[in-house]
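Enquirer: Dumping the structure here so I can ask a few things about it.
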Amino acid sequence: MNVLVIAEKRNAAQRIAKILSGGNFKTQRVGKNVYYEFILGKDRYHVVPLRGHILQLDYPEEFKRWNLQDLHALVEQEPVRLLKEKGVARILKQVSKNTDMVVVATDYDREGELIGVESLSLLNFKGPVKRAKFSALTEDEIKHAFSNLMDVNYNLASAAEARQHIDLAWGASLTRFISLASGRRGKDFLSVGRVQSPTLALIVKREEEIENFVPKPYWNIVARFQKRMIFSGGHISNPFWKKEEMQKVWDKVKDAKEAQVEEFKSQEKHLRPPSPFNTTDFLSEATKLGFSAARAMRIAEDLYMGGYISYPRTDNTVYPKSLNIHAILKSLKKSAFGEEVETLEKELRKYPTRGSKESKDHPPIVPMRGAKLEGERGAIYELIVRRFMATLAPDAVYMEKEAIIGVNDEKFKCTGRELEEPGWLKYYKYSKFKESKMPALKVGDRVRVKEIKIEEKETKPPPRYTQSTLIKEMERLNLGTKSTRAEIIQKLFDRGYVRGRPIRPTRIGRALISTLGKNQVQVIKPDMTAKLEKDMDKIEMGKIEKSAVIQESKEMLTKVLRDLKVETVGKVMRESMRYKIGECPEGGDLIYVERKRLVVCEKDGKSIFYALPKTGHIEFLDQKCPVCRLPLIRVVRKGQSPQIRCLNPKCEYNKKKDYVGKCPKCGGDLVIRQSRNGKRFIGCSNYPQCNVTYPLPQKGEIIPTGETCPYCGAPLIIIRRKGHKDWKICPNMDCEYNRRKKNEK
Numbered sequence: 000m001n002v003l004v005i006a007e008k009r010n011a012a013q014r015i016a017k018i019l020s021g022g023n024f025k026t027q028r029v030g031k032n033v034y035y036e037f038i039l040g041k042d043r044y045h046v047v048p049l050r051g052h053i054l055q056l057d058y059p060e061e062f063k064r065w066n067l068q069d070l071h072a073l074v075e076q077e078p079v080r081l082l083k084e085k086g087v088a089r090i091l092k093q094v095s096k097n098t099d100m101v102v103v104a105t106d107y108d109r110e111g112e113l114i115g116v117e118s119l120s121l122l123n124f125k126g127p128v129k130r131a132k133f134s135a136l137t138e139d140e141i142k143h144a145f146s147n148l149m150d151v152n153y154n155l156a157s158a159a160e161a162r163q164h165i166d167l168a169w170g171a172s173l174t175r176f177i178s179l180a181s182g183r184r185g186k187d188f189l190s191v192g193r194v195q196s197p198t199l200a201l202i203v204k205r206e207e208e209i210e211n212f213v214p215k216p217y218w219n220i221v222a223r224f225q226k227r228m229i230f231s232g233g234h235i236s237n238p239f240w241k242k243e244e245m246q247k248v249w250d251k252v253k254d255a256k257e258a259q260v261e262e263f264k265s266q267e268k269h270l271r272p273p274s275p276f277n278t279t280d281f282l283s284e285a286t287k288l289g290f291s292a293a294r295a296m297r298i299a300e301d302l303y304m305g306g307y308i309s310y311p312r313t314d315n316t317v318y319p320k321s322l323n324i325h326a327i328l329k330s331l332k333k334s335a336f337g338e339e340v341e342t343l344e345k346e347l348r349k350y351p352t353r354g355s356k357e358s359k360d361h362p363p364i365v366p367m368r369g370a371k372l373e374g375e376r377g378a379i380y381e382l383i384v385r386r387f388m389a390t391l392a393p394d395a396v397y398m399e400k401e402a403i404i405g406v407n408d409e410k411f412k413c414t415g416r417e418l419e420e421p422g423w424l425k426y427y428k429y430s431k432f433k434e435s436k437m438p439a440l441k442v443g444d445r446v447r448v449k450e451i452k453i454e455e456k457e458t459k460p461p462p463r464y465t466q467s468t469l470i471k472e473m474e475r476l477n478l479g480t481k482s483t484r485a486e487i488i489q490k491l492f493d494r495g496y497v498r499g500r501p502i503r504p505t506r507i508g509r510a511l512i513s514t515l516g517k518n519q520v521q522v523i524k525p526d527m528t529a530k531l532e533k534d535m536d537k538i539e540m541g542k543i544e545k546s547a548v549i550q551e552s553k554e555m556l557t558k559v560l561r562d563l564k565v566e567t568v569g570k571v572m573r574e575s576m577r578y579k580i581g582e583c584p585e586g587g588d589l590i591y592v593e594r595k596r597l598v599v600c601e602k603d604g605k606s607i608f609y610a611l612p613k614t615g616h617i618e619f620l621d622q623k624c625p626v627c628r629l630p631l632i633r634v635v636r637k638g639q640s641p642q643i644r645c646l647n648p649k650c651e652y653n654k655k656k657d658y659v660g661k662c663p664k665c666g667g668d669l670v671i672r673q674s675r676n677g678k679r680f681i682g683c684s685n686y687p688q689c690n691v692t693y694p695l696p697q698k699g700e701i702i703p704t705g706e707t708c709p710y711c712g713a714p715l716i717i718i719r720r721k722g723h724k725d726w727k728i729c730p731n732m733d734c735e736y737n738r739r740k741k742n743e744k
C-alpha cells in the first residue's frame, strides 16, 4: 500500500520519516522542495512537508485597488483561495496519483487541521483519509499516533476557516476605510484588526487612566522594635486617609520608648508549587526573562520541532494520565539537570499540581527529552524543564509569625516569614521567597521601641501593561487564542502602534483608537471579539454552522461601515497626527507632523521645517537647546543607547555631539551617522567626494578621545557600556592598533 503523509513543515516531516523508518529513509528533491520516502513492512510511505498554509485567502483581482465605493461590496464578496506554494502542490498531486491512503500529520489544533484540509482540497483523492494526532515529535508519540489513526476533524478546520473569513473581511474593509479617509496609503496605511484593535484599545485606555489619575494622599505610621533582633510593624489602622486621625495616633505614640506584646502566634504554612504550563502561563513567564512573547513562541516551536518539548500551543494545565512522567525524568537525567532530577525523585509529591483548565487536545507544555542547549533555546528549554520539575516537587514550608504590640494603647501588627523547607523553590529559580526575620515572642513581653515614624504617601496609577500582563488580560477577555496572542502583540510593535517595556501606545496608536472610538466602531470593544471566539468553539463542537457565524459577522460589519463618515474620520486622524509641541524661540507655534516626521515653526504665515531623524522613536523633552533654544529630542533606536539631540539637525549642538575626529584621507570631519535601517557608523562630512566610513558597535556610548591612531591615522574612540569596562579602539577594525591591543590582553 502507498501512503501519503502530509506534515506541516520540513523539519517535522523529516522527523516523522526518521522515526517511522528507523532512520532508513531517502530524501527526494523536486526543485527547491523535498519529500521523504521509505518502506515500512509492505507499505511505501511518502512524507510531504508543507510550508504552513499553501492556500491564501484573499479577494478577487478586481478588489485589489483600494476604493471607498467598493467597501460594502467587499464585505459581501466571497474570498478566493489562491495557491501560494506551487512547488509543494505539484509534489502533492504527483505523489497522490498512486496513493492508497492519505494521513494528515499537521499540528493538531484549528490552524493545523485547516492546513491539512486545505492540502486535501488540492487532491482528487477518493480513498481513505486519516489523521495522526500527536503532542510531541518523539518516537513514542509518533509511533503511537500512526498506530492509532483517527478521522480528520473537519469541524476543527471549519472553525479556523471561519476565523480566516471574518478576520479578512474586518481587517480589509476597516483598514481600507481608515487609511483612505486619513489620506494614508501605500506603506503608510493604518491597519485595523478584529483582535489587534481591541488589544490596542486596552493599552490606550490604560495610558489614559494613568494620565488622568489624581493621586490621593494617605499616611502610614510604622515602628521598629527590638528584642534580640530588630523587626518592624505598622499601625493596624494603616493606611490613614484623614490626616487628623493619623495625627491623633501619632501624638500618642511618637515619644514611646517601650511597648508590650499583646498577642503572638506562630504557625507552619505551605506554599504550593505552580500549575503546569499552558501557553498563556509559559509566555507570561518567558517575557519576565526578557523575551518578547512572539520570540518566546518561535523558540518554543523550534524546540517542539526538535522533539525537545511537547506542543507549545495548549490551554491545558492538567497532566493527562497517559503522560509518562517517570520516563521524562529518566531522560532528563542525561541533561544538565541530572543531579537535580535525582534529588527530585527522592521527594516527589504524591500527585503533580494541576491548574483549573483541562482539555483533551494536548497536554501542558513539558520537556520530552533531556538535552544540553545553549543561548536563547537553552534559556527557554530550562524554563520549561524547571516548571515541570516544580509541579512534581513538594510544597515549600515556611514559618509565619504574627504579633500585636501595644504602644501607649495603640496596636501595631508585626509579621515575619522564614523559609524552613524550600521544596519546589529550589527547582524553580524564577520564583523568590521574601523572608522577614522576627523573634519568637510571648504575650506580656516588653520590647524596645527603636523608632516610630510617619510615611506620607499617595496612591499610584494602575501600572502599564507588560507583555506578560497583557497576554493574561487578553485571555481573561477572550481576545484571540493561545495560538494568536503573541503574534497580535508583535504586530502592534511592528506597525508602530506601541513601544517600550512596559508597553506604551504611540501617538499614531492613540490616534487610531480615538478615531475608532469617536465613530462608535465596535471592533475596539472586546465583547464583539469574545462572542466570535465563542462562536468558533461552537463550530468546532458542531453546534453551529460556519456559514451562520460568517453571515452574522458580515451584518455587524455592514452596520459599522454604514455608520462611519469619511469626513469625521479624516478630520480626527489629521488632528491627532498634527499637534503643537511648543513655541519657536522667536515666537510662533512648533507643530509636529508625525506622518512626515517633521516639525514646523509657523509664524506670520511663514513656515520653517525641521526634518527629524528617519529612524527611531522620537520623544520631545522639556529642555531647550543651549545653542539655538529649540526643544531637545530623545531618539530611541532598538539596540542603541538613547541619543539627546537638538530638534534642528544643522545645529552646532548636534555637530559637536556627532564629531569624532578628522578624516585621515581628506581632512574633513568624521561624524556619527545613521544608515537607512538605523545602524550607526562613522562617515566623512565630505561625502560623496570622500567615501571613508567605519563601522560602530550598535550598543554603548561613543566617546572621542582626541587621539589619532599611530598606524592608520583614524581618530581613536572609547566605547562605554553599562556594566562593562571602557573599550578603547581604532574604528578601523582591520587596523594593527586593535590587533596589538588584543594581544596585550
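In numbering that gives the first Met the number 0, the protein residues as written are 0 to 744.
Using N, Cα and C, we set each Cβ at its ideal position, and we do this for glycine too.
In this text, all values refer to a predicted model and were calculated from it rather than measured experimentally.
(1) Using C-beta distances below 7 Å, list every residue in its chain close to E434, excluding the 5 sequence neighbours before and after it, in chain order.
(2) So, G422 versus A395, is the Cβ gap smaller than 7 Å?
(3) Using a Cβ-Cβ cut-off of 7 Å (strictly less than) and excluding sequence neighbours within five positions of A16, which residues of its own chain qualify?
(4) Mind the definition here: the region 103–111 touches the region 71–83 only if three or more C-beta pairs lie below 8 Å; say whether that holds.
(5) Where does R509 land, buried or exposed, given buried means 16+ other C-beta within 10 angstroms?
(6) Using DSSP bridges, identify the partner residues of A395.
(7) Drop a sphere of 10 angstroms on the beta-carbon of G22, count the other beta-carbons inside from all chains shown, and report buried for 16 or more, exposed for fewer.
(8) Use the C-beta contact count for D534: other C-beta atoms within 10 angstroms, 16 or more gives buried, fewer gives exposed.
(9) Using 8 Å for Cβ pairs, my map puts V4 next to V102. What's the rounded Cβ distance?
(10) Restricting to Cα atoms, I'd like to know which of S309, R294 and Q225 is closest to Q259.
(11) Let's see if you can read the secondary structure: which residues bound the beta strand (DSSP E) around A610?
(12) Here's a check: name, in chain order, each residue in its chain whose Cβ is nearer than 6 Å to the Cβ of N407, leaving out the five neighbours to either side.
(13) Check whether the Cβ atoms of R385 and Y426 lie closer than 7 Å to each other.
(14) Leaving out the 5 sequence neighbours to the left and right, which residues in its chain are closer than 6 Å to L440 when beta-carbon positions are compared?
(15) Output yes or no for whether 7 Å exceeds the beta carbon distance between I702 and A200.
(16) Hey, would you say A180 sits closer than 7 Å to G516, going by beta carbons?
(17) Among A161, A335, G377 and L155, which residue has its Cα nearest to the Cα of G541?
(18) I'd like to confirm the pairing. Which residues does DSSP put opposite N219 in its beta bridges?
(19) Under the assumption that E346 contacts P393 (Cβ atoms under 8 Å), give the Cβ distance between them as a whole number of angstroms.
(20) What are the partner residues of T414, as DSSP defines its beta bridges?
(21) Enumerate in chain order the residues of its own chain whose CB-to-CB distance from D166 is below 6 Å, with the five nearest sequence positions on each side excluded.
(22) With respect to the beta strand (DSSP E) encompassing L49, which residues constitute its N-terminal and C-terminal limits?
(23) Between which residues of its own chain and Y380 is the CB-CB distance below 8 Å, once the five residues before and five after are set aside?
(24) Expressed to the nearest angstrom, what Euclidean distance is found between the alpha-carbon atoms of F680 and Y693?
(25) In whole angstroms, what is the alpha-carbon distance linking D0 and L556?
(26) If K92 and P48 are in contact, beta carbons under 8 Å, what's the gap, nearest whole angstrom?
(27) If R754 and K613 are in contact, beta carbons under 8 Å, what's the gap, nearest whole angstrom?
(28) Determine the direct distance from the alpha carbon of E420 to that of K268, and round the result to whole angstroms.
(29) For the beta strand (DSSP E) that contains N690, what are its first and last residues?
(30) Looking at C-alpha atoms only, which residue of G182, I53, K41 and F133 is the closest neighbour of S120?
(31) Using 7 Å as the threshold, is the C-beta distance between C662 and C683 below it?
(32) Between which two residues does the beta strand (DSSP E) carrying T707 extend?
(33) Return helix, strand or coil for E244, following the three-state DSSP convention.
(34) What is the rounded straight-line gap between the Cα of R573 and the Cα of S178?
(35) Rounded to a whole number of angstroms, what is the C-alpha to C-alpha distance between V87 and R50?
(36) Skipping 5 residues on each side, what residues in its chain have a beta carbon closer than 7 Å to that of Q195?
Expert: The relevant details are as follows:
(1) Its chain contains R416, E417 and L418 as the residues whose beta carbon lies nearer than 7 Å to that of E434, once the 5 sequence neighbours on both sides are disregarded; these appear in chain order.
(2) Between G422 and A395, the gap from beta carbon to beta carbon is short of 7 Å.
(3) So the list reads F24, Y35, F37 and V46, once near-sequence residues are dropped.
(4) Because the criterion of three Cβ pairs below 8 Å is not met, the region 103–111 and the region 71–83 do not touch.
(5) Buried, by the Cβ-count rule.
(6) Looking at the DSSP assignment, A395 forms a beta bridge with L270.
(7) With fewer than 16 Cβ atoms within 10 Å of its Cβ, G22 is classed as exposed.
(8) Per the 10 Å Cβ criterion, buried.
(9) Sure, about 5 Å apart at Cβ, within 8 Å.
(10) When the alpha-carbon of Q259 is set against those of S309, R294 and Q225, the nearest one is in Q225.
(11) K605 to A610 is the span of the beta strand (DSSP E), which, as asked, contains A610.
(12) Closer than 6 Å at the Cβ level, and outside the excluded window around N407, lie K251, V252 and A255.
(13) Taking C-beta atoms as the reference points, R385 and Y426 count as a pair closer than 7 Å.
(14) Excluding sequence neighbours, L440 sits near V260, F263 and A402.
(15) One thing to note: I702 has its Cβ no nearer than 7 Å to the Cβ of A200.
(16) Between A180 and G516, the C-beta gap is not smaller than 7 Å, which leaves the two residues out of contact.
(17) For the residues A161, A335, G377 and L155, the minimum Cα distance to G541 belongs to L155.
(18) DSSP lists E454 as partners of N219.
(19) Their Cβ separation, rounded to whole angstroms, is 5 Å, which keeps E346 and P393 in contact under 8 Å.
(20) Paired residue(s): E401.
(21) Excluding sequence neighbours, D166 sits near R193.
(22) Counting along the chain, L49 falls outside any beta strand (DSSP E), and DSSP gives it neither H nor E.
(23) Residues L302, Y307, I308, P366, A370 and L372 of the same chain have their beta carbon placed closer than 8 Å to that of Y380, with the five preceding and five following residues left out of the count.
(24) Going by the C-alpha atoms only, they are around 6 Å apart.
(25) The identity of residue 0 in the sequence shown is Met, whereas the question assumes Asp. Between the C-alpha atoms of M0 and L556 there is a straight-line separation of about 50 Å.
(26) So it is not a contact: roughly 15 Å between Cβ atoms.
(27) Because the chain spans 0 through 744 in this model, residue 754 falls outside it and cannot be assessed.
(28) Rounded to whole angstroms, the separation of the alpha carbons of E420 and K268 is 10 Å.
(29) Counted as a single uninterrupted DSSP element, the stretch harbouring N690 is not any beta strand (DSSP E), since DSSP gives it neither H nor E.
(30) With distances taken between CA atoms, S120 lies nearest to I53 out of G182, I53, K41 and F133.
(31) At a Cβ-Cβ threshold of 7 Å, C662 and C683 count as neighbours.
(32) E700 to T707 is the span of the beta strand (DSSP E), which, as asked, contains T707.
(33) In this structure, E244 counts as helix in the three-state DSSP scheme.
(34) Taking the straight line from one Cα to the other gives about 11 Å.
(35) V87 and R50 have their C-alpha atoms some 8 Å from each other.
(36) Answer for Q195: I487, K490 and L491, listed in chain order.
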